[in-house]
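Shown next, in structure tokens, is the structure this report addresses.
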Amino acid sequence: MAALFIRCCLALSWWLAAATAPALAADAVQVGSKRFTESYILGEIARQQLEQAGLPAVHRQGLGNTAILDQALRSGQVDVYPEYTGTIVRELLQRTAPADAQAPLSQINAWLAPLGLKAAVPLGFNNSYALAIREADATRLGLATLSDLARLAPALKPGLSHEFLARADGWPALQRAYGLKLTPGAGLDHGLAYA
Numbered sequence: 017m018a019a020l021f022i023r024c025c026l027a028l029s030w031w032l033a034a035a036t037a038p039a040l041a042a043d044a045v046q047v048g049s050k051r052f053t054e055s056y057i058l059g060e061i062a063r064q065q066l067e068q069a070g071l072p073a074v075h076r077q078g079l080g081n082t083a084i085l086d087q088a089l090r091s092g093q094v095d096v097y098p099e100y101t102g103t104i105v106r107e108l109l110q111r112t113a114p115a116d117a118q119a120p121l122s123q124i125n126a127w128l129a130p131l132g133l134k135a136a137v138p139l140g141f142n143n144s145y146a147l148a149i150r151e152a153d154a155t156r157l158g159l160a161t162l163s164d165l166a167r168l169a170p171a172l173k174p175g176l177s178h179e180f181l182a183r184a185d186g187w188p189a190l191q192r193a194y195g196l197k198l199t200p201g202a203g204l205d206h207g208l209a210y211a
């Protein structure tokens with residue numbers, strides 16, 4: 017589920033909000049986004065919504081990956097950025113229990129509170145990782161399921177984003193779950209991986 021991760025309390029019910037409330041009157045709200053299309057669009061929607069609510073806002077596009085945006089948020093360089101609840105739970109809060117991945121927003125907020133952060137209502141869509149292959153190649157290789165990848169290990173070299181390679185619930189979990197011996201490349205920029 018996608019949500020907007022912000023450091024200041026705003027009256028935007030469908031964004032992820034934070035518990036600290038810096039003075040917004042004189043300063044423009046700094047909206048950050050990651051380096052891929054969906055994040056750019058969500059960041060721009062946030063900027064426009066803030067301005068429609070009478071708050072000046074600036075969209076700082078494509079600042080980097082999750083770690084960079086998290087640091088920018090915590091240091092006050094940005095006040096808000098779109099983030100996925102799964103990323104918040106697994107990567108930012110480092111919660112790894114299987115039940116944690118499905119935690120309700122109220123529980124996520126309880127975990128975020130000591131950090132001065134809070135989540136608002138999710139944006140209303142789910143965005144999960146997926147592996148893709150050209151249909152002709154899948155047919156030629158007899159590849160129909162993730163389990164089929166195990167027998168093709170020497171023949172395939174997946175191109176995966178840096179973030180997916182590093183996420184505990186990304187490539188490492190997929191490798192373990194399906195016994196994959198594939199060796200991915202060094203990693204692709206997140207935006208390029210989905211181009």
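The sequence shown begins at 17 in the numbering used here and counts up one residue at a time. Glycine included, each C-beta is placed from N, C-alpha and C at the ideal position. Predicted model only: the values in this text are computed from it and were never measured.
Determine the extent of the beta strand (DSSP E) in which residue i is found, giving its start and end residues.
i: Leu79; result: Ala73 to Gly80
i: Gly48; result: Val45 to Lys50
So, helix, strand or coil for residue i, using DSSP?
i: Pro98; result: strand
i: Ser122; result: helix
i: Ser55; result: helix
i: Gly175; result: coil
Please list, in chain order, all residues of the same chain as residue i whose beta carbon is under 7 angstroms from its beta carbon, the five residues on each side excluded.
i: Ala42; result: Here the model assigns Ala42 a pLDDT of 49, short of 50, so the residue's position is not dependable and the matter cannot be decided.
i: Trp187; result: Leu176, Phe180, Leu181 and Pro200
i: Leu168; result: Leu157 and Leu159
Output yes or no for whether 9 angstroms exceeds the beta carbon distance between residue i and residue j.
i: Gln46; j: Asp86; result: no
i: Leu172; j: Leu157; result: yes
i: Lys50; j: Thr101; result: no
i: Asp185; j: Arg106; result: yes
i: Tyr56; j: Gly78; result: yes
Counting only the same chain and skipping the five closest in sequence on each side, list residues whose C-beta sits under 6 angstroms from that of residue i.
i: Arg63; result: Val47, Ala73 and His75
i: Trp127; result: Leu109
Run the CB neighbour count on residue i, radius 10 Å, all protein chains shown included, and call it buried at 16 or more, exposed below.
i: Phe141; result: exposed
i: Glu151; result: exposed
i: Lys134; result: buried
i: Pro98; result: buried
i: Ala119; result: buried
i: Ile104; result: buried
i: Leu89; result: buried
i: Leu66; result: buried
Over the uninterrupted alpha helix (DSSP H) stretch that includes residue i, give me the two end residues.
i: Gly203; result: Where Gly203 is concerned, there is no enclosing alpha helix (DSSP H), given that its DSSP letter is neither H nor E.
i: Gln191; result: Trp187 to Tyr194
i: Ala152; result: Glu151 to Leu157
Is any beta-carbon of chain D found at less than 9 angstroms from that of residue i?
i: Glu179; result: Of the chains in the structure shown, none is chain D; there is only one protein chain.
Beta-carbon within less than 8 angstroms of residue i's beta-carbon, same chain only, minus the 5 sequence neighbours each way: which residues are those?
i: Tyr194; result: Leu162, Ser163, Leu165 and Ala166
i: Asn125; result: Lys134 and Ala135
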